[in-house]
Structure formats: structure tokens, C-alpha cells
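The structure under discussion appears below in the form of C-alpha cells.
In the numbering used here, the protein residues as written are 425 to 843.
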């Protein structure tokens with residue numbers, strides 16, 4: 425942690441604020457969201473379809489509006505969407521704890537989703553702009569704070585549930601309210617370079633950026649793989665361990681976040697000293713794909729061996745993702761040409777969100793087929809092929825020069841981190 429503290433302090437104050445901001449955002453979000461479905465069913469007595477509607481609206485309003493959020497950030501500056509997003513999530517989380525009708529819950533859920541679409545592209549574009557040549561290092565540290573919030577949020581939420589769900593919502597809303605005030609007072613206004621030099625209509629510029637679109641599509645599979653911590657791995661744990669599978673899944677979440685928190689800076693420094701950005705992406709994606717080999721080799725329903733294989737999968741997936749993330753974020757900026765960066769991030773998130781939806785449908789269908797034929801290796805093999813396919817696609821883009829500066833850049837000067 426000393427290394428993280430030294431790295432954080434080496435950045436300008438606004439970068440440090442953005443990192444703390446992301447930690448608090450994830451802390452409050454994961455304090456509440458893992459327990460929302462249980463509240464809707466157990467406390468409010470909603471039917472399963474209604475619960476699915478509330479949760480689905482949140483995801484749709486966020487993924488579907490990322491491009492809009494990015495365009496607003498490039499048009500009006502990064503500060504306004506960040507503050508507006510935090511303010512909107514303050515209201516959304518507060519309402520979720522105090523209403524019991526389906527229309528009100530849907531509106532509150534949509535508000536929390538749109539809030540994420542507002543601040544996520546703006547935060548990443550702001551971070552990239554302020555970090556300058558140290559973008560990769562900044563995004564590595566940023567991901568540590570991101571994962572730390574994911575790790576601590578559910579634990580804080582569980583403790584607050586000892587009172588009731590309203591307490592959880594109130595505290596989560598209070599966190600966002602404090603963020604709103606701090607950022608209103610302490611965050612300088614910042615506009616992207618494109619708005620200062622008279623850029624054309626944002627969405628047309630971004631959609632016409634063919635190398636960026638190809639990279640976005642090539643990386644989609646990595647998000648499908650990451651999401652399997654919420655889909656395929658819990659299904660496998662439940663099939664092998666029954667009721668105990670739920671506890672095992674909780675442990676897998678903790679391991680995944682812990683690997684990212686403790687290893688991100690070291691992995692980024694190690695990769696940055698050896699590889700170019702495109703090389704790190706290809707190798708990290710390959711590791712993410714190979715992470716699904718262990719469960720494919722274990723007989724179905726074999727209890728502890730399945731759990732051991734899933735644990736190895738989570739570790740390898742987290743390691744591969746930690747290698748990929750900072751170079752991925754840096755490549756998006758490079759492909760944007762430092763113009764309309766927030767809009768590029770917004771469209772990138774929208775493409776990945778659509779990919780997750782389609783990928784999960786395909787994974788679920790494959791899982792059902794594999795279970796009917798008592799051959800779980802079918803699903804695991806398909807996931808492995810997805811990761812290796814992503815790696816091959818990025819390698820192809822690099823070799824044909826479509827990644828531009830990212831494929832020709834020398835290894836980034838990421839400083840080693842002391843233990």
C-alpha cells in the first residue's frame with residue numbers, strides 16, 4: 425500500500441481527486457446494488473419479472489446512454505457531467521430506499537444508470553488529459569481504487585443491513601452527496617482539446633474513426649470474459665457445491681478484487697518495462713482466455729477440484745485483466761488522437777455493454793447445451809476461444825498499423841513499485 429500511496433501522491437491534485445472519487449463511487453454502488461434484488465423480493469414482495477425489470481432498466485439506461493454522456497462531457501467540459509452524475513445518483517439511491525411502487529422504482533433505477541453514463545466517460549477523459557504521458561500509470565493506479573471500492577462496498581453494505589435496507593440506501597446516497605459537494609468546490613473545470621479547436625459534430629467524428637471501431641469490437645470479448653465471474657463461475661460453483669456454492673462465489677469475488685488491488689501496479693510496471701502497449705494487450709487477453717482452461721479439465725460435479733479450478737480461473741482472469749486495463753484505456757486515447765476523448769470512451773463503453781449482453785446470451789445457451797450433454801468443457805472451451813480470438817484480433821490490428829501510435833510506442837516508463 426505504501427507503493428500505491430507514493431504513486432498516487434506523484435500525480436497532480438486533480439488526478440488524486442479523480443482516483444478518490446472512483447473509490448467512493450464504487451464503494452457506495454457496491455454497498456447497495458448486491459442487496460437490491462433481495463430487498464425487492466423479500467421486503468417489497470415484487471415478482472421476479474418486476475425485479476428483472478428494475479435491474480434491467482438500470483443497466484440499459486447506463487450502457488445505452490454512455491455515448492450521450494461522453495458527448496456532453498466533450499461539449500460542456502468534464503466537470504459538469506461528473507457533478508451532475510453524482511447528484512443524480514444521490515437522488516436515485518435515496519429514492520430506492522424509500523419507495524415501494526414499481527413505477528417509482530423503475531424511475532429511480534433509470535436515474536442511477538444514467539448517472540453512471542454521465543460521469544464514467546468524463547472521469548476517464550479527465551484522468552487521461554491530466555495524466556499526460558503517464559496515462560498508463562495513472563489508469564493502473566485508478567484501477568486499484570476502482571477495485572478497492574468493489575471489494576469494500578459489499579462488506580460495508582452487509583454491516584449496514586443489520587439496521588435495514590433504507591439505512592444502506594441513505595448512507596450510499598450520502599456518499600454521493602459528499603462527492604457532489606467536494607467536486608463542486610475542488611475540481612477545476614476542464615475541456616477537451618477538441619472543443620477548443622472547433623471539432624465537428626462528436627458522434628460523426630467518432631463513428632468515422634474506423635481503427636477505433638475495430639479496436640472496440642476486438643476488445644468486446646474481454647468484457648464478456650470478465651463478466652463470467654457473475655455468470656458461468658457461479659453456475660459452476662452451484663452445480664458442484666450446491667447451497668455452499670453461494671459462499672464460494674462470494675470468496676471468488678473477494679479473490680478477484682484482491683488480486684487487482686495488490687497486483688495492479690506491479691503487473692503494469694512489469695509489463696510496461698518489457699512490452700509495447702499492443703504487446704501487453706495481446707498477452708493479457710491470451711491469459712484471460714487461458715484462464716478458462718482449468719475448469720474445462722476438471723470432471724463436472726467433482727466438488728473441491730471444481731472449486732480449485734474456479735479459483736485458478738479467477739486469479740488468471742484478474743491478472744490478465746490487470747495487464748490489459750491500463751494499456752486498453754491508453755489505446756482508446758491514442759486512437760482518438762486526443763480529440764473528443766470522452767465521446768470515444770462513451771461509445772467504447774456502449775459497444776462493450778452490447779457485447780456483454782450478446783455474449784451472456786450466447787454463454788447461457790452454451791451452458792444449457794453443455795449441461796444437457798454432461799459436457800461442461802463445451803462452454804469453457806468457447807470462452808477460451810473468445811479470449812484467444814480477441815488476442816488474435818488485436819494482434820492483427822497492430823500488425824496492419826491500425827493501432828497507430830499504440831503499436832509502435834516504446835515500453836511506457838512505469839516506475840517500479842516498492843513493496
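Every residue, glycine too, gets a C-beta built ideally from N, C-alpha and C.
Quantities reported herein were computed from a predicted structural model and do not represent experimental measurements.
Mind checking whether the beta-carbon of residue i lies closer than 7 Å to any heavy atom of the ligand FMN?
{"i": "residue 512", "result": "Absence of the ligand FMN from the depicted structure is noted, as is the absence of any ligand whatsoever, leaving it without description."}
Residue i to residue j, Cα distance in whole Å?
{"i": "residue 563", "j": "residue 692", "result": "10 Å"}
{"i": "residue 805", "j": "residue 732", "result": "18 Å"}
{"i": "residue 489", "j": "residue 728", "result": "42 Å"}
{"i": "residue 638", "j": "residue 821", "result": "8 Å"}
{"i": "residue 603", "j": "residue 588", "result": "24 Å"}
{"i": "residue 533", "j": "residue 466", "result": "18 Å"}
{"i": "residue 802", "j": "residue 591", "result": "44 Å"}
{"i": "residue 817", "j": "residue 634", "result": "14 Å"}
{"i": "residue 555", "j": "residue 580", "result": "31 Å"}
{"i": "residue 492", "j": "residue 542", "result": "8 Å"}
{"i": "residue 760", "j": "residue 585", "result": "44 Å"}
{"i": "residue 654", "j": "residue 642", "result": "22 Å"}
{"i": "residue 504", "j": "residue 518", "result": "21 Å"}
{"i": "residue 429", "j": "residue 440", "result": "10 Å"}
{"i": "residue 696", "j": "residue 744", "result": "14 Å"}
{"i": "residue 462", "j": "residue 426", "result": "38 Å"}
{"i": "residue 758", "j": "residue 746", "result": "19 Å"}
{"i": "residue 559", "j": "residue 551", "result": "8 Å"}
{"i": "residue 644", "j": "residue 777", "result": "8 Å"}
{"i": "residue 784", "j": "residue 632", "result": "28 Å"}
{"i": "residue 736", "j": "residue 431", "result": "29 Å"}
{"i": "residue 571", "j": "residue 685", "result": "6 Å"}
{"i": "residue 795", "j": "residue 713", "result": "21 Å"}
{"i": "residue 793", "j": "residue 787", "result": "10 Å"}
{"i": "residue 824", "j": "residue 702", "result": "12 Å"}
{"i": "residue 647", "j": "residue 681", "result": "16 Å"}
{"i": "residue 679", "j": "residue 673", "result": "10 Å"}
{"i": "residue 468", "j": "residue 814", "result": "43 Å"}
{"i": "residue 438", "j": "residue 789", "result": "45 Å"}
{"i": "residue 630", "j": "residue 435", "result": "29 Å"}
{"i": "residue 620", "j": "residue 675", "result": "Reliability of the predicted coordinates at residue 620 is poor, the pLDDT of 49 falling under 50, and the value obtained from them is presented with this limitation in mind. Between residue 620 and residue 675, the C-alpha separation is close to 48 Å."}
{"i": "residue 754", "j": "residue 472", "result": "41 Å"}
{"i": "residue 715", "j": "residue 782", "result": "21 Å"}
{"i": "residue 530", "j": "residue 536", "result": "10 Å"}
{"i": "residue 612", "j": "residue 502", "result": "9 Å"}
Tell me, to the nearest whole angstrom, how far the beta carbon of residue i is from that of residue j; I am working on the premise that it is less than 8 Å.
{"i": "residue 724", "j": "residue 658", "result": "About 15 Å separates the two Cβ atoms, so there is no contact after all."}
{"i": "residue 779", "j": "residue 748", "result": "So it is not a contact: roughly 15 Å between Cβ atoms."}
{"i": "residue 513", "j": "residue 553", "result": "Rounded, the Cβ-Cβ distance is 23 Å, inconsistent with contact."}
{"i": "residue 446", "j": "residue 566", "result": "6 Å"}
{"i": "residue 808", "j": "residue 722", "result": "The Cβ separation is near 14 Å, so there is no contact."}
{"i": "residue 711", "j": "residue 740", "result": "6 Å"}
{"i": "residue 730", "j": "residue 660", "result": "6 Å"}
{"i": "residue 460", "j": "residue 520", "result": "7 Å"}
{"i": "residue 507", "j": "residue 608", "result": "6 Å"}
{"i": "residue 509", "j": "residue 474", "result": "Between residue 474 and residue 509 the Cβ distance is about 26 Å, and since that is not below 8 Å, they are no contact."}
What alpha helix (DSSP H) runs, 4 residues minimum, are completely inside the stretch 456-539? 472-487, 490-500, 503-520
If you pair each beta-carbon of the stretch 754-765 with each one of the stretch 475-493, do three or more pairs fall below 8 Å? no
Please specify which runs of the alpha helix (DSSP H), each continuous and at least 4 residues long, are wholly inside the stretch 637-680, giving them in chain order. 656-665
Tell me whether the stretch 446-465 and the stretch 595-603 touch, counting them as touching only if at least three CB pairs, one residue from each stretch, are closer than 8 Å. yes
Does the pairing of the stretch 484-499 with the stretch 562-582 give three or more beta-carbon distances under 8 Å? no
Should the stretch 770-788 be regarded as contacting the stretch 492-506, the criterion being three or more beta carbon pairs within less than 8 Å? yes
Taking only runs that begin and end inside the stretch 568-636, name each unbroken alpha helix (DSSP H) of 4 or more residues, in chain order. 589-610, 617-620, 626-631
Return the chain-ordered ranges of every alpha helix (DSSP H) run that is complete within the stretch 727-764 and spans a minimum of 4 residues. 728-760
Which residue spans inside the stretch 758-833 form an unbroken alpha helix (DSSP H) run of at least 4? 765-796, 801-823, 829-832
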